[in-house]
Amino acid sequence: MPMSKSILITRPDHDLITKYFCAWSNELVDFAKSKMIKVYDLKGKKSNKKKFLSYINIRCPSLIFLNGHGNADIFAGYGDEPMVGVETILKDAIVYARSCEVGKNLGLILVQNGAHSFIGYNRKFFCGYTPEKITKPLEDEIAGLFLKPSNLIISTLLKSNSVQEAHNRSRKSMYKNFRKMVSSTSTFEERYSARWLWSNLHSQVIFGDPLKTI
Numbered sequence: 027m028p029m030s031k032s033i034l035i036t037r038p039d040h041d042l043i044t045k046y047f048c049a050w051s052n053e054l055v056d057f058a059k060s061k062m063i064k065v066y067d068l069k070g071k072k073s074n075k076k077k078f079l080s081y082i083n084i085r086c087p088s089l090i091f092l093n094g095h096g097n098a099d100i101f102a103g104y105g106d107e108p109m110v111g112v113e114t115i116l117k118d119a120i121v122y123a124r125s126c127e128v129g130k131n132l133g134l135i136l137v138q139n140g141a142h143s144f145i146g147y148n149r150k151f152f153c154g155y156t157p158e159k160i161t162k163p164l165e166d167e168i169a170g171l172f173l174k175p176s177n178l179i180i181s182t183l184l185k186s187n188s189v190q191e192a193h194n195r196s197r198k199s200m201y202k203n204f205r206k207m208v209s210s211t212s213t214f215e216e217r218y219s220a221r222w223l224w225s226n227l228h229s230q231v232i233f234g235d236p237l238k239t240i
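Plus 26 on top of the position in the sequence shown (first one is 1) and you've got my numbering.
So this is what it looks like as structure tokens:
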């Protein structure tokens, strides 16, 4: 059985996008700790298959937050090392993958293998960014339009809301940001990036029990 109120976060930081994911996950680590939820933080090189499986098998986290690159059949950790595949057992956990295409096939298989629920994307997950801000990702307002709605999935779950509620709040936030990005007051960068956020909005999927909470 999963440990009550615990979260495992993978956040490699070996390239531009994973550095953004890693930095924007800091607030979720802090928020979980403020809620007295145990955090297993696999940051940087710690985000490898050996350490990940050790935590899964011994600590049995109730919530798993995967940050990194992926495809329909594999989720990768630091240095793009395959970490989660169709053979992986994430029993009794809620899983959110901030990654490309994991929701196309792997997410459903993880549920079939015993995970309670899965949220992810069945196409590419896009994250717009500002080139001048790449050394300070938390100051990148364009990136925030993409990453704040995805962070909302985890923060909503950490508040003991359901998987469906987390999914709904995230999509509502994406839609609100999209409307802002195509409005008459938007910047060129916002208008240019809007198509990618629209794609994220329509590629976010749920598998498993939508009413599950941690």
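Ideal Cβ positions, reconstructed from N, Cα and C, are used throughout, including at glycine.
The model shown is predicted, which means the values in this text are computed figures rather than measured ones.
query: Alpha-carbon spacing of threonine 239 relative to glutamate 167, whole angstroms; result: 31 Å
query: Cβ-based neighbour list, phenylalanine 151, same chain, cut-off 7 Å, excluding 5 preceding and 5 following; result: Arg124, Ser125, Cys126, Asn226
query: Proximal residues to phenylalanine 204 (C-beta, below 7 Å), its chain only, five neighbours per side dropped; result: Ala220, Leu223, Trp224, Leu227
query: Extent of the continuous alpha helix (DSSP H) to which arginine 85 belongs; result: 75-85
query: Residue interval of the beta strand (DSSP E) (run including arginine 37); result: 32-37
query: Serine 199 versus asparagine 131 - alpha carbon distance; result: 25 Å
query: Bridge partners - isoleucine 232, DSSP secondary structure assignment; result: Ile145
query: Residue span of the beta strand (DSSP E) that contains isoleucine 90, given as start and end; result: 89-93
query: Length of the line joining the Cα atoms of leucine 136 and serine 210; result: 43 Å
query: Within 8 Å, strictly: CB atoms of asparagine 83 and glycine 103; result: no
query: Alpha helix (DSSP H) segments (min. 4 residues) lying fully within the segment 167-200; result: 167-184
query: Nearest-angstrom beta carbon gap, glutamine 230 and isoleucine 145 [assumed within contact, 8 Å]; result: 7 Å
query: Three or more C-beta pairs below 8 Å linking the segment 154-167 and the segment 185-193; result: no
query: Lysine 64 - partner residues in DSSP beta bridges; result: Ser32
query: Under the three-state DSSP convention, the category alanine 155 falls into; result: Reading the sequence as shown, one finds tyrosine at residue 155 and not alanine. It is coil, neither helix nor strand.
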